[in-house]
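Peer 1:
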Amino acid sequence: MLAFLSKTVPVLCLLLMMQACNIDKTETPVLDTEVEKEYELDLWENLSNQSRTFLIKANTIKNQDCLNYFIESSINRKGNNIEINLGKPQISSVCERGVGTAKSSLDLGTISNGVYPCTIKLGQIVPSTGRLVVSSGSFFLSMPAPIGFRVLHNTLLRIPDNTIWGYIGYDAAAQPVVVQFFNDLAGISQPNDLPKGYYGYFNFLENGSIELDNTQVSTDRPIQPIVRRFSANESDLEKLIQTYRDKYGPSILIRLRNTAGREY
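Position 68, counted from 1, in the sequence shown is what my numbering calls 105; the numbers after and before it change by one each time, with no gaps.
Shown next, in the form of C-alpha cells:
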C-alpha cells in the first residue's frame, strides 16, 4: 500500500500543477506592485456661495496626441465606502490638435467629516486600498501601496472662510504700483496666518512663499501672489481693484477670488 501511494502522490501533484497552469490568466488580476505608474491623482475642493464640494482629479502621466482626451472613470459611494475606477484614455470627438494629458474629475460632492475606506481600481490590476479622512481643516488620502498611479498631494488643507487670494501681474515699470496696491489692500484686509501646506488653489511653502496653481494664473508677466483675510464690506475691495484698473490700465493685471466662489 505504501509503495502504491509513493508512486501515486507525485503523479497527482503533477496533474494539479498542470491544471493550475491551464487556468485562463486573463481573469487574474496583476499582483506586481512594480507596475508602471500611468496616472496621477490629486485632491481638490470646489468653492461656491452655496457649498463646498470635494473632488479627486485624475490625469495620465504621459501626454496624449490630442488635447481633448479624457479618462473613462467612475466613482461610487456605498455608505462610507468609496470605490474609484480608472479606465483607459478615450476621445469622443474630433481631435483637438495639441499635446496634453487625459483628465477626469471624480466628484464626491459635499462630504461630512469622518473616515472613508477607499478602493482604487485600474482594470485588471489588483485594487489599491486605503482611506480618506475628512475633517473641518483638511482632506487626507492615505494609499500605502498605490499600484499604477501616484498621489501628488496626500493632504489638502481647507481654505478658511473670509479668505481672498490671487495675484497682481505687472510690467517691469509698474513695480512701484504693485507696492502701493499692497499697502492699500492692507488697509482693508488682514494677514492670513495659515498653516504651511497645499490648499489646491495655492501652496504655502515651508520658506513662507506662496505658490499659485498654474491653472489660476493667466499671464506670462511677473506676478506677486496674494493671500489675505478679508471680512470688510465687499464693495471696498471692488472699488480698490477698479481704481487701479482704471488708473494703470494694461500695465497691471489683478485677479482675486474668495471662498464664496466670487472672482474679482
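Ideal Cβ placement from N, Cα and C applies to all residues, glycine included.
Quick test of your reading: Gly137 and Leu104, contact by CB under 8 angstroms. State the CB separation rounded to the nearest angstrom.
Peer 2: That belief holds up - the Cβ atoms of Gly137 and Leu104 are roughly 5 angstroms apart, short of 8 angstroms.
Peer 1: Rounded to a whole number of angstroms, what is the C-alpha to C-alpha distance between Asn59 and Val72?
Peer 2: Unreliable positioning characterises Asn59 in this predicted model, as indicated by a pLDDT of 42, which lies under 50. The coordinate reading is nonetheless provided below. Cα-Cα distance, rounded: 24 angstroms.
Peer 1: Could you tell me which of Asn86, Tyr285, Thr90 sits nearest to Ser149, measuring between CA atoms?
Peer 2: Ranking Asn86, Tyr285, Thr90 by Cα distance to Ser149 puts Thr90 first.
Peer 1: Please report the distance separating the alpha-carbon of Arg299 from that of Trp202.
Peer 2: About 11 angstroms.
Peer 1: Have a look at Arg266 and Val131 and give me their C-alpha separation to the nearest angstrom.
Peer 2: Roughly 45 angstroms between the two C-alpha positions.
Peer 1: Closest by CA to Leu80, which one among Thr97, Ser175, Val264?
Peer 2: Ranking the options by Cα distance to Leu80, first place goes to Ser175.
Peer 1: Rounded to a whole number of angstroms, what is the C-alpha to C-alpha distance between Ile128 and Glu75?
Peer 2: So the alpha carbons of these two residues sit roughly 17 angstroms apart.
Peer 1: Alpha carbon to alpha carbon, what distance is there between Leu242 and Pro262?
Peer 2: Each residue's alpha carbon lies about 13 angstroms from the other.
Peer 1: For Asn117, collect the residues of the same chain with a Cβ closer than 6 angstroms to its Cβ; drop the 5 residues on either side in sequence, then sort them by chain order.
Peer 2: For Asn117, where only same-chain residues beyond five positions count, the Cβ hits under 6 angstroms are Tyr153.
Peer 1: Below 8 angstroms on the Cβ atoms is my guess for Ile196 versus Tyr236; work out the distance and round it to an integer in Å.
Peer 2: At roughly 5 angstroms, the Cβ-Cβ gap stays under 8 angstroms, so Ile196 and Tyr236 are in contact.
Peer 1: If we ignore side chains and look at the alpha-carbon of each, how far apart do Val214 and Thr200 end up?
Peer 2: The straight-line gap from Cα to Cα measures roughly 23 angstroms.
Peer 1: Any idea what DSSP makes of Ile260, helix, strand or coil?
Peer 2: Three-state result, Ile260: strand.
Peer 1: If you draw a straight line from the C-alpha of Lys99 to the C-alpha of Pro232, how long is it?
Peer 2: Their Cα atoms are separated by approximately 33 angstroms.
Peer 1: Do three or more CB pairs link the stretch 208–223 to the stretch 162–177 at distances below 8 angstroms?
Peer 2: The stretch 208–223 is not in contact with the stretch 162–177.
Peer 1: Would you say Leu143 and Ile112 are within 8 angstroms of each other, going by their C-beta atoms?
Peer 2: Yes. Within cutoff.
Peer 1: Quick check on the DSSP output: what are the complete beta strand (DSSP E) runs of length 3 or more inside the stretch 218–291, in order along the chain?
Peer 2: With a minimum length of 3 residues, the continuous beta strand (DSSP E) runs that stay inside the stretch 218–291 are 239–241, 247–249, 260–266.
Peer 1: Does DSSP classify Glu300 as helix, strand or coil?
Peer 2: DSSP places Glu300 in strand when its eight states are reduced to three.
Peer 1: DSSP three-state call for Val131: helix, strand or coil?
Peer 2: Val131 falls in the coil class under three-state DSSP.
Peer 1: Based on the DSSP output, what are the partners of Thr147 in its beta bridges?
Peer 2: Paired residues: none, contrary to the question.
Peer 1: Out of Asn229, Tyr238, Asn270, state which residue places its alpha-carbon closest to the alpha-carbon of His190.
Peer 2: Closest by alpha carbon: Tyr238.
Peer 1: What's the C-alpha gap between Pro126 and Pro164?
Peer 2: About 19 angstroms.
Peer 1: Secondary structure at Pro197, three-state DSSP: helix, strand or coil?
Peer 2: Here Pro197 sits in coil by DSSP.
Peer 1: Within this structure, are the beta carbons of Glu77 and Arg168 separated by less than 8 angstroms?
Peer 2: No, the Cβ-Cβ distance between Glu77 and Arg168 is not below 8 angstroms.
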